[in-house]
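Taking the numbering used here, the leading residue of the sequence shown gets 317, the next gets one more, and so forth.
C-beta atoms are modelled at their ideal positions from N, C-alpha and C, and glycine is treated no differently.
Note that this is a predicted model, so its numbers are computed, not measured.
In what follows, a structure is listed as structure tokens, so that the remarks can point back to it.
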Amino acid sequence: MGSHYAARQEFTGTLTGEYYDEGDPPWRWYKMIELTHKPNDYPFKSVWCEAESLFLIENK
317 MGSHYAARQE FTGTLTGEYY DEGDPPWRWY KMIELTHKPN DYPFKSVWCE
367 AESLFLIENK
């Protein structure tokens, strides 16, 4: 995978449980869908998020 969108940006959505590991040592990436918050110019319906950059919030 690769993207010219590689940067730290803020997204809110639902994690699918889908993931992949990249590199040595591996970095784990999780797939997020149903994006309720994303950058204005982000054209996709999902995003891959690096595990260390995820902040989980409870759904009340």
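Cβ-Cβ separation, residue j to residue i (assumed contact under 8 Å), whole Å
i, j, result
"MET348", "LEU372", "Contact flag wrong, Cβ pair sits at about 11 Å."
"TYR335", "LEU370", "In fact, because the Cβ distance is near 11 Å, the residues do not count as touching under 8 Å."
Test item: CB-CB of residue i and residue j under 7 Å
i, j, result
"TRP343", "GLU366", "yes"
"GLY333", "THR352", "no"
Coil, strand or helix - residue i by DSSP
i, result
"GLU366", "strand"
"LEU372", "coil"
N-terminal and C-terminal residue of the beta strand (DSSP E) that residue i is part of
i, result
"ILE349", "343 to 353"
"TYR358", "Premise fails: TYR358 is in no beta strand (DSSP E) and is neither H nor E."
"ASP337", "328 to 338"
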